[in-house]
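Student: Those protein sequences? They're chains A and B, same order as listed.
FYI, the numbering used here numbers position 488 of the first sequence as 488, with every residue one higher than the one before it.
FYI, the numbering used here numbers position 161 of the second sequence as 161, with every residue one higher than the one before it.
Note that beta-carbon positions come from the ideal geometry of N, C-alpha and C, so glycine has one too.
Here the structure is a predicted model, which means the values were calculated and not measured.
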Amino acid sequence: MKFQRIFALEFRYQLRQATTWLYFGALLLFAFLVVVANYASDARDGYFLLNAPIVLAAVTAICSVKWLLIGASVAGDAAARDAQTRMYLLTYTAPTSKAAYLGGRFLAAFALSVLVLLAIPAGLLLGVHCSGMEAELLGPFRAAAYLTTFGFIAVPNAFFATAIQFSLAALSRRALGSYLAGAALFAAAYTIWPLLPDVGQWGNLADPMSFGPILGHLSNDWSPLEKNTRLLLLEGPFLTNRLLWMGISLGVLAFTYSRFQFSLPEARPKAQTATQPESAGIARGGLNWVATGTLPQARGTYGLATQLHQLRRITWEAFLPLAKSKAGLPLLAVLALLVGLTIPANLEGRGTPLLPRTDFVLNYLTGPLTQPERFWPIIVLLTIFYAGELVWRDRETGLSDIANTTPVPEWVLLLSRFLALSLVLVVWQALLMTAGLVAQAVLGGAKLEMGLYVAVLFGLQLVDCLLFALLALMVHVLVNQKFVGHLVALLTYGCIVFAPTLGLEHQLLIFGASPSWTYTDMAGFGPTLVPWLWFKGYWAAWALLLAVVTVPFWVRGREGNVVARLQLARRRFTGSAARVAAVAAGGMLGFGSFIFYNTNVLHDYINTSAATAQRAAYEQRFHRYQNLPQPLLTGVKLRVEMYPRQREVAIQGTYLLVNDQQEPIDSVLLASGAADVETTAIRFNQPAREVLVDEDLGQRLYALARPLLPGDSLRLSFQVTHKAQGFTNNGAEVQILKNGSSFRNMEWLPAIGYQPFRELDEAGARKAYGLAARPATASLYDVAARRYASFPEQIRFEAVVGTDADQIVVAPGTLRRTWTKAGRRYFHYATDAPIRNEYAFFSADYAVQEGKWRNPSAGSEQEVAIQIFYPPGLTENPARMVRSAQASLDYYTRQFGPYPHRQLRFVTHAGYNFGHHAAPIDITAEEGFFLLNPKADKRGFDLVTAVVAHEVAHQWWGNQLKQAYVEGAGLISESLAWYSAMGVLEDKYGPEHLERLLSFLREENETPRSRAALPLLQANDFYQNYRKGPLALYTLSQYMGRDRVDAALRQLLAKHRPGTLPYPTSLDLYQELQAATPDSLQPLLHDLFKANTFWELATETATAKPLKGGTWQLTLTLRANKLVVDSAGTESKRPMQEWVEVGVFAPAEAGQEVGKQLYLQKHLIKSGQQTILLTLPIRPAKVGFDPRNLLIDWEQNNNYKLVKVEN
Amino acid sequence: MGKHPLSLAIRNVSKRYANGVQALDNVSLDIPPGMYGLLGPNGAGKSTLMRTLATLQEPDAGQVFLGDIDVVHQKEAVRETLGYLPQEFGVYPKASAEELLDYFAVLKGITNRAVRRETIEALLKQTNLWDKRRQKLGGFSGGMKQRFGVAVALLGNPQLLIVDEPTAGLDPAERVRFLNLLSALGENSVVILSTHIVADVAELCTHMAIINQGRILLEAAPLEAVAALQGRIWRKLTDKQTLPALEQEHRVISAKLLSGRTLVHVYSPEMPGNGFEPVEPDLEDVYFSALTGCLGPAAQQPKAEEVAL
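#1: My understanding is that leucine 22(A) touches leucine 487(A), with C-beta atoms under 8 Å, so please give their C-beta distance in whole angstroms.
#2: Run through chain B and tell me which residues come within less than 7 Å of asparagine 404(A), C-beta to C-beta.
#3: In this structure, what does DSSP give as the bridge partners for serine 1010(A)?
#4: I want to see whether chain A comes within less than 8 Å of glycine 89(B), judged by CB atoms only; does it?
#5: From the beta carbon of leucine 419(A), is the nearest beta carbon of chain B less than 8 Å away?
#6: For the stretch 206-257 of chain B, which segments carrying the alpha helix (DSSP H) assignment without a break, of at least 4 residues, lie completely within its bounds, in sequence order?
#7: Can you tell me which of the three DSSP states glycine 286(A) falls into?
#8: Can you list the residues of chain A that asparagine 42(B) reaches, using a CB-CB cut of under 8 Å?
#9: Can you pull the DSSP bridge partners for serine 843(A)?
#10: By the criterion of Cβ-Cβ separation under 7 Å, what are the contact partners of alanine 564(A) in chain B?
#11: Is there a Cβ of chain B sitting closer than 8 Å to that of glutamine 297(A), yes or no?
#12: Taking only beta carbons into account, state which residues of the stretch 240-259 of chain B come closer than 7 Å to chain A, listed in chain order.
#13: Show which residues of chain B have a CB atom less than 8 Å away from the CB atom of arginine 81(A).
#14: Can you give the beta carbon distance from phenylalanine 1209(A) to tryptophan 956(A), rounded, assuming they're within the 8 Å contact cut?
#15: If you count every other CB in all the chains shown that lies within 10 Å of the CB of tyrosine 618(A), and 16 or more means buried, which is it?
#16: How is methionine 642(A) classed by DSSP in three states: helix, strand or coil?
#17: If we cut at 8 Å on Cβ distances, does serine 86(B) have a partner in chain A?
#18: Output needed for glycine 286(A): all residues of its chain with C-beta closer than 6 Å, excluding positions within five of it in sequence on either side, in chain order.
#19: In chain order, what residues of the same chain have a beta carbon less than 8 Å from the beta carbon of tyrosine 103(B), not counting five sequence neighbours either side?
#20: Under the rule that 16 or more other beta-carbon atoms within 10 Å means buried, what is proline 991(A), buried or exposed?
#21: How many angstroms separate the CA atom of glycine 43(B) from the CA atom of leucine 24(B)?
#22: List, in chain order, every chain B residue whose beta-carbon is nearer than 8 Å to that of tyrosine 302(A).
#23: What is the rounded straight-line gap between the Cα of serine 167(A) and the Cα of lysine 2(A)?
#24: Give me the subset of the stretch 382-413 of chain A whose CB atoms are less than 7 Å from a CB atom of chain B, sorted by chain position.
#25: Got a sec: is the Cβ-Cβ distance from histidine 309(A) to anything in chain B below 8 Å?
#26: Rounded to whole angstroms, what is the Cα-Cα separation between aspartate 359(A) and threonine 520(A)?
#27: Using only alpha-carbon positions, find the residue among Leu1174(A), Pro500(A) and Ser516(A) that is nearest to leucine 509(A).
#28: Would you mind telling me which residues of chain B sit closer than 8 Å to asparagine 480(A), beta carbon to beta carbon, in chain order?
#29: Which residue marks the beginning of the beta strand (DSSP E) containing threonine 520(A), and which one marks its end?
#30: Report the rounded CA-to-CA distance for valine 266(B) versus leucine 258(B), giving the unit in angstroms.
#31: Closest to threonine 96(A) by C-alpha separation, out of Asn204(A), Gln261(A), Leu244(A) and Val114(A), would be which residue?
#32: Under 8 Å between beta-carbons, which chain A residues line up against glycine 156(B)? List them in chain order, please.
#33: Taking only the alpha-carbon atoms, compute the straight-line gap between alanine 936(A) and arginine 1179(A) and give it to the nearest angstrom.
#34: Taking glycine 557(A) as the query, report the chain B residues whose CB atoms sit under 8 Å from its CB, ordered along the chain.
#35: Name the DSSP beta bridge partners of arginine 825(A), please?
#36: Please report the distance separating the alpha-carbon of proline 140(A) from that of glycine 104(A).
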């Protein structure tokens, strides 16, 4: 009875609160937006149906995590309202049992939370069914999908969160406890998720909201078929998660029940200490009733000096309690500690530690506040919370009436809060800096650059924090209702984060936004700082303007009414405020106009949709010329002047074009370079007429007065100039820098003919622009598509390049001569053999590591110079790279055929990445690669050597064998490059190096992902091209011998000489492999490449018993299965009849993981269970079914078994 | 600021809250320097008026002048010479009395450190908090807190001191000490004391006004108001049951229980009849007469002006 009354009272009380319905509305809107703005476009691109159960589940998970932040007040209010409003004097003394009181309140809070969460299915229904979605995006309506989603995600989440929030608030008697619990759960959802690949199932269990696993199903580990049809049911780890947290929640509730008391624990002792001295005082001073002495006559002085004094004092008084509170500096210190602990894991390239250089540490520590995958959103949440505390502290302590009647102007009151918040953020930067410095010191090997830390954290990152802090404060002042203020501030932040997704991309329109700065040791800030400063200046002016407008709204009295506050604000808005506002507005307009001039006048402003429209227009207008016969580019001669300091480049170029077709050519379609260069002075060496000019798309069509006959040639000359001018909405152009310039022909120089790579690929966008539907990548079986590859022409290249006297230019070919003229240095490069038409120019202050490689089977003219152009100071890796390049050249020439050039270079490109791009001769290496520290790699894996071998292999696979731009292209470039690198490691470095490379490649198997995929021959994704492909080739080589596979590759290369049509595809590789594979292994070849096959191999039992004569008999029960999974996820069993290795190992010796191999033989294995008997000379300890993991089996562990000994 | 005392003029001030309550209805008052009592029942509009005077609230209509400072529009100038002790207030529980007083001294513009130290010491001694100056405010009793509030209100030697229901939570000893403290102030400043306790006004104030339902019922000097009732208040001891009948016949201004019987006070220019005996009126009778409409604003208006002049 009592319980029901308490429940009903609480439920009705909160139901009548406007905020409850505000939460409902906010959540509904959010769910709707996630569907419409986020998932609809993916659905249009064909990834899934919009109302697929897992999409509903993902939206529910996202929204219920967001709800943690806004909905915390429901539980907090139910638990702590009595204590906070001092109602407890009545309720705690009422004859109610603790169970009824707590139970009623808790269940009411839970019921209200569930009610609020009903906004999610409501928003989903609206978004999916009532927002005009195309019918083909939707599957049939399934009530079960909505019910399971709500019942298994939202309701349990509400229960867990409410239990934890309610308990914290009830025990601390403060609603704040609930908020902190909500924020912690929120942070857990976001931080555990990115760690999931490492923590595996533990991550699934550790996240009470199940946020990561559900989104993981959508992005990774469910097949398309599952995504569209499978309901998220209570099973597997998901069920464990729900049960675990149900248990924890009940435990927390029980704890709360036992600890809760109907009294305010802190009230009692204090009252005692207070009354005692007072009664003594009365006794002593009983006669001292009449005030003696005169009242102090001191009067205040007023003016700016006093105001500044007041500002200082209020700032400090506001800062101190905030800093001292548990949610203040202690929390920030813990956060900084956590961040510090994650630094080592984030300073890795593919698992290999990096030298912790300050610029890379800072790249991890800083970032836009809107970047969800880092820790900055937590700082945003705290900023909002702190702002609320600062604005509300005086009112909550009841001091505001007195404080507000003191002669302190409103601007001092607001500014002091802002300064207090700024101090907190300054301390946070200092904590972060400490975390970074400590991490650097612990990791060792890098210089601590204090100046850089200070400049970046306090000069750059702090500005972002302060702009948002001011915004949060202003929201709290204007909204004037604490929890609604939090909500509005959060929504504001949400709008800032999602503005680009919602189509608002211009950074002049998104509060606080700016292009980002970058700093690396090699390039410094380069030109990235200037636009950043302009934008921040603009937003600082805006912030000042908003602040001046907000100041008059500072609440001093009890006027809550909007009209009254407006009137009061108008009265308070004085002349000086107007003047400051005018200055701020002037600054805003000034900065804004300058930015606008840069982004929209100096440059064309192109947002995502305009860029999409341009690509569509290109296809619409020029696709008709795709089959227009065009002359072939065979020679390039360039005269390049680079001016790194002025950030200018001038190019004078000549192309030699040849008609290699069977018919005369009468017109030439010329595509000029990207928007940041100007292409002029286009001339042919014979009369030609410009018949079509499309300036927007940079296309020109020329009609030749005299058709070019087959075999005839034509010269085209042109000028290309680049001058960095100001900046765009995305920042400054960063190709030509004071140090570390580079540019590529594919972006800047003219190209001949129609360029299919410029077409739109996304299905949804193609449809929107009325373009014919086509796969994003051409089908492997599309014969016509085999005539296209990216920049496949074979050219003779020659260039004279000038640059600043203290820099080195790198370009393809032999450096014929270098000289200095008029304070500039010139380099003359020319190729000795044709290269593919892809090249780059570099100019920087490089250090050079040189080496030589001589083909032992050829004369001395076959010598190849190996050069590593690296950032001065990073001397760890270049020598290692030279060794790997020598070994690679040696091995590849022997296995696959000659290297056609006289040089092989790695050239550094400034930036935070580690990757490479292998153009002919010159391989671009990102700056981060030189920081890799393989010596510190716990796996003992030398990533640098392996990657260099991979990149050198691209001089064969990719540069000699140029693959057609169709499905499976990655198999004959990336997979072959890794496969080749395996041979280098095995032959030149030793089998243990090969083992480490293989296990490195297999690491990716542990990342959860769907088994649904195209067969390797058609695959386009990273995992298949870079990991599964090379491993499949390795398996084949182990089954039929490496020589046979390599011979097939040699054949492939020989049959597809550079520049010949059609371009090779994975089918050509398959054909060569087929020819080389013995009949017995043809099924395996098929299973590895032509079908997406999985083997499920397991050792079920392994028992050994000693035989007479000291030998042992080993009995193995093995289970095997083979299945094929198509790209939708349909699995079908295949009968198995193949040779699989069985290995037996002796007991491991001390310090070793596995013992000596006693036995390794292939056995013919069928589907299902089978028994194998082996006789062994000594006692076996461990067996492995396919112990070398040759067959694709993601569940490796059950292949092995420790041997049980029977007597 | 001028040295000579200022007086406060309230002209036709009205205030209606969003929920429809007319808190102040065309209130006009002239408040000379000295202690001024604002007497009225709970919810009469006292606090609204006090907050309006303390620059915390905007009137819908009307003007308020402190000397020639327009209180509504020149808030900053008023605050420079204002001391305000609200009906309810809190403190930073973890700050000591001295620290928080020092903080408020800065807010009140006393920036010179030496002056501030002197002022704080004087005020803490005045309010008898000197011994507890290092004690955390969270441990203060209601009376100590109230005295601390007075110390804050007295910072900067205000010319306008507004104390809203200051004695409500105090024990008798506290109350006496508090009122003594206040009376010491009344010499150079306008001190407005709002209360629903008649005795507070009777003991301290030279002028007073009675307010109910947002309207001023009476504006007078307490002694004169009492004198004006001379011979008009009668009393009778009666039973509870006869009270309704009595109320029908007479203008009963108050009825209180006295040893199981009911003591009735009746307003009447003449002897109301049998069983009544004359009473020497006190301020409480003035208060109840005003509240029951016996001393209507219309009737009292000329008198009030007389008093004011």
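Tutor: The answer reads as follows:
#1: The pair is a contact, with the Cβ atoms about 7 Å apart (cut-off 8 Å).
#2: In chain order: Leu56.
#3: Answer is none; serine 1010(A) lacks a bridge partner.
#4: Before going further, note that residue 89(B) is phenylalanine rather than glycine in the sequence given. True, the Cβ-Cβ gap to chain A drops below 8 Å.
#5: No, leucine 419(A) lies away from the interface with chain B (no Cβ there is under 8 Å from its Cβ).
#6: Listed in chain order, they are 222-228 and 243-249.
#7: Low confidence applies to glycine 286(A): its pLDDT is 42, below 50, so where it sits in the model is not reliable, and the reading given next is rough at best. DSSP places glycine 286(A) in coil when its eight states are reduced to three.
#8: By Cβ distance, chain A contributes nothing, its closest Cβ being about 17 Å from asparagine 42(B), past 8 Å.
#9: Serine 843(A) pairs with Ser741(A) and Val809(A).
#10: Counting only Cβ-Cβ distances below 7 Å, alanine 564(A) has contacts in chain B at Glu58, in chain order.
#11: For glutamine 297(A), the closest Cβ of chain B is nearer than 8 Å.
#12: Residues: none.
#13: In chain order: nothing, as chain B lies at least about 18 Å away.
#14: Only positions 1 to 1207 of chain A appear in the structure, and residue 1209(A) is not among them; the question remains open.
#15: Looking at its Cβ environment, which holds 16 or more other Cβ atoms inside 10 Å, tyrosine 618(A) is buried.
#16: Here DSSP, grouped into helix, strand and coil, assigns methionine 642(A) to strand.
#17: This sequence places proline at residue 86(B); serine is not what is there. Closer than 8 Å to some Cβ of chain A, the Cβ of proline 86(B) qualifies, so yes.
#18: Here the model assigns glycine 286(A) a pLDDT of 42, short of 50, so the residue's position is not dependable, and the following value carries that caveat. Here the set comprises nothing.
#19: If we look at tyrosine 103(B) and ignore the five residues flanking it on each side, its Cβ neighbours are Ala95.
#20: Under this definition proline 991(A) is an exposed residue.
#21: Using only the alpha carbons, I get a separation of about 11 Å.
#22: Glu80 and Gly109, listed in chain order.
#23: About 21 Å.
#24: Result list: Thr397, Gly398, Leu399, Asp401, Ile402, Ala403, Asn404, Thr405, Thr406, Pro407, Val408 and Pro409.
#25: Yes, histidine 309(A) counts as interfacial toward chain B.
#26: One C-alpha to the other measures close to 6 Å.
#27: Comparing Cα-Cα distances from leucine 509(A) to each of Leu1174(A), Pro500(A) and Ser516(A), the minimum goes to Pro500(A).
#28: The contacting residues do not exist; asparagine 480(A) stays about 14 Å from chain B at best.
#29: Where threonine 520(A) is concerned, there is no enclosing beta strand (DSSP E), because DSSP gives it neither an H nor an E.
#30: Roughly 16 Å separates the two Cα atoms.
#31: Residue Gln261(A) is the option with its Cα nearest to threonine 96(A).
#32: Ordered by position in chain A, the residues that pass the 8 Å Cβ test against glycine 156(B) are Ala298, Arg299 and Gly300.
#33: Inter-residue distance for alanine 936(A) and arginine 1179(A) is about 37 Å (C-alpha atoms, whole angstroms).
#34: Those are Arg51, Thr55, Leu56, Gln57 and Glu58, listed as they occur along chain B.
#35: Residue pairing by DSSP puts arginine 825(A) in a beta bridge opposite Thr803(A) and Thr820(A).
#36: So the two alpha carbons sit approximately 41 Å from each other.
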